[in-house]
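Just so we're aligned: the sequence shown equals residues -3 to 104 in my numbering. Below is one structure, written out as structure tokens; comments come after it.
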Amino acid sequence: MNPNTVPIPLEAYLLIASMLFCIGVWGLINSRNAVRVLMSIELMLNAVNINLMAFSSYIDGNLIRGQVFTVFVITVAAAEAAVGLAILLSLYRNRTTVDMESFNLLKW
């Protein structure tokens, strides 16, 4: 580590992660487009990844527990995006829209 650099405090990482998470929640609540909903969920998962990495660096030091959990979250997020996009493509082919209000397939 360069002695002239100042380490970034934990609070800065937590502030960035909380802002990303709040943007994701806002996008999840206010969006009617299904693709935007998936992107908002990805933002929320990335905020969790930032928290895992920051706490791992702050608490564990040289251990890699947070990095391992982050790789698992990234893997789950990639699987979620692939399955979600496949479902959206199927719905778009049947309904020709990605508007969340028009998806009433499970209603009686």
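Each residue gets a CB set at the ideal place from its N, CA and C atoms; glycine is no exception. Fair warning: this is a prediction, and the values are worked out from it, not measured in the lab.
| query | result |
| --- | --- |
| What does DSSP give as the partner residue(s) for residue 56 in the beta ladder? | Answer is none; residue 56 lacks a bridge partner. |
| Scan the stretch 2 to 61 and note each continuous alpha helix (DSSP H) run of 4 residues or more that stays entirely inside, going in chain order. | 6 to 26 and 30 to 51 |
| Hey, residue 50 and residue 16: beta-carbon distance below 8 Å or not? | no |
| Is the Cβ-Cβ distance between residue 46 and residue 12 less than 8 Å? | yes |
| Measure the CB-CB distance between residue 78 and residue 38 and report whether it falls below 8 Å. | no |
| Taking the C-alpha atoms as reference points, what is the distance between residue 73 and residue 41? | 7 Å |
| Give me the Cβ distance between residue 94 and residue 84, rounded to the nearest whole Å; I'm assuming they're in contact under 8 Å. | 6 Å |
| Count the other C-beta atoms from every protein chain shown that fall within 10 angstroms of the C-beta of residue 75, then say buried if there are 16 or more, exposed otherwise. | exposed |
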